[in-house]
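Inspection log for the structure reproduced underneath, given as C-alpha cells.
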Amino acid sequence: MQKYSYLALLDLPNTPQGKAGSPVQRLMGRLTKMLLPTRPSLLKPKLPQSGQHYFEQQHAIQKEEYDRHAKPLRPLPRNKASE
Numbered sequence: 001m002q003k004y005s006y007l008a009l010l011d012l013p014n015t016p017q018g019k020a021g022s023p024v025q026r027l028m029g030r031l032t033k034m035l036l037p038t039r040p041s042l043l044k045p046k047l048p049q050s051g052q053h054y055f056e057q058q059h060a061i062q063k064e065e066y067d068r069h070a071k072p073l074r075p076l077p078r079n080k081a082s083e
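Quick note: the sequence shown uses full-length UniProt numbering, first residue 1, plus one each step.
And the structure:
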C-alpha cells in the first residue's frame, strides 16, 4: 500500500489547483504522462479558455488589496550636497 502512496506523490504536479489547472498544465498546456492510468485525451495539448482571464482577475484582486493600504509618497527633501 505504501508503494502506491509514493507513486501518487510523483503525480502531484499533475493535480489541478483551482480553476487554473495543475502547474504542469499551466507550464506545458497539457498533462504529462503519469504512472497512474490516464485517458489519452488528457495528454493532448489544449489551450485553456479562461486561463488568461483568471490570472487577470487574480492580479486585479491583488492590486486592490495592495492599494487599500498603500499611501502616496511624501516628496523627498532637496539635498544641498547633490546640487
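Positions of the beta carbon are idealized from the N, C-alpha and C atoms, including for glycine.
Counting only runs that start and end inside the stretch 8-61, the alpha helix (DSSP H) elements of at least 4 residues fall at 23-28.
By the criterion of a C-beta distance shorter than 8 Å, S22 is surrounded in its chain by P13, N14, T15, P16, L31, once the five residues flanking it on both sides are discounted. Burial of Q25 is indicated by the presence of at least 16 other C-beta atoms within 10 angstroms of its C-beta. In this structure, L9 keeps its C-beta atom at 7 Å or more from the C-beta atom of L35.
With respect to G29, P40 sits apart: the two C-beta atoms are not nearer than 7 Å.
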